[in-house]
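Input: a single structure, listed below in structure tokens.
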Amino acid sequence: MVLAIMLAVAFSLLGAADLQAGECNAYAVEVATSPVPYQYPHGLEKAALLLAKVPARADTILIGDSLVEFWPKDVVIRQFKSESVWNIGVGGAETQTVLWQLERIDAPSVAPKRLLVLIGTNNLTHDYLPACAIAAGIKTVVTAAHAKWPAARVDIMGIPPRGADFRFRDADRLSVNAEIRNWSGQYPFMHYFEVDASEMTCGRYGDAVEVAAAGAEVATGSRCENYADDFGHFRRPGYDVVFAAMTKH
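Read left to right, the sequence shown gives residues -21 to -1, 1 to 228 (mature numbering (1 follows the signal peptide of the UniProt record, and there is no 0)).
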């Protein structure tokens, strides 16, 4: 019943036009917007641990995948100027697994002032999911989170660049971000932001990067201090770029 109410609110905010099969493959939309459990043991275990340890209070809740999960705790405390931050990020999360996680959170005493949502990069790894379906999934996550914590402001981060040349499915990534930017602008409780691609990638956005053989260390000269050697996850400086973008406006 709770899930039904949350999704009813979500789809009412999405609008009928966003879900018309003529604009986006209806089955792809269903994949990205239907709650499903994590399909790998460590993700399911991490989600279970988070669900079992709901804090008494949290001023901020961080929602998303490994980009959220790996946000260093000391950096979070410094940036948000609070220890009352609940990080519910799970590595490998996609929109549909975050929806599954949200529906299971029972936190009536938690009344956050801010939600930060960063999700969608793992959905991009599936070439059967078009940009429009991924955008629908992100919208559903945002609106479901807002339905659970309606007094909170929702900061939505656009999907950041990734890949050896930082252009993995880049046209689709940019399309998703543009759709979320335009959609979120209709709602006063939402705040969309994204990192500057050139700044985040140390000026290498679009440049071909010579990647070492699998398992080998990436040459020091090809590194960007904001990214890990997989060109997808962030190092500590990257989280400062993210936070600066969030607080810019």
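Glycine included, each C-beta is placed from N, C-alpha and C at the ideal position.
Small disclaimer: the values here were computed from a predicted structure and weren't measured.
Item to check | Candidates F168, R183 and M169, of which the one nearest D175 by Cα | outcome: R183
Item to check | N-terminal and C-terminal residue of the beta strand (DSSP E) that T39 is part of | outcome: T39 to G43
Checklist entry - Nearest CA to the CA of N161: which residue from G137, V54 and E48? => result G137
Checklist entry - Run through DSSP, which three-state label would I67 get? => result coil
Checklist entry - When DSSP labels each residue in this structure, what does T199 get in the three-state scheme? => result Residue placement at T199 is poorly supported in this model, since its pLDDT is 48, which falls under 50; the coordinates still yield a value, given next. In the structure shown, T199 sits in a helix (DSSP, three-state: H, G or I).
Checklist entry - With DSSP run on the structure shown, which of helix, strand or coil describes H21? => result helix
Item to check | Nearest residue (CA-CA) to V133, options V15, A7, F172 and Q18 | outcome: F172
Next on the checklist: Going residue by residue through the region 74 to 108, where are the continuous alpha helix (DSSP H) segments of at least 4 residues, counting only ones entirely within it?
Outcome noted: 74 to 83
Next on the checklist: If contacts are defined as beta-carbon pairs under 8 Å, then L97 and V47 qualify, I think. What distance do you get, rounded to the angstrom?
Outcome noted: 5 Å
Item to check | Coil, strand or helix - F59 by DSSP | outcome: helix
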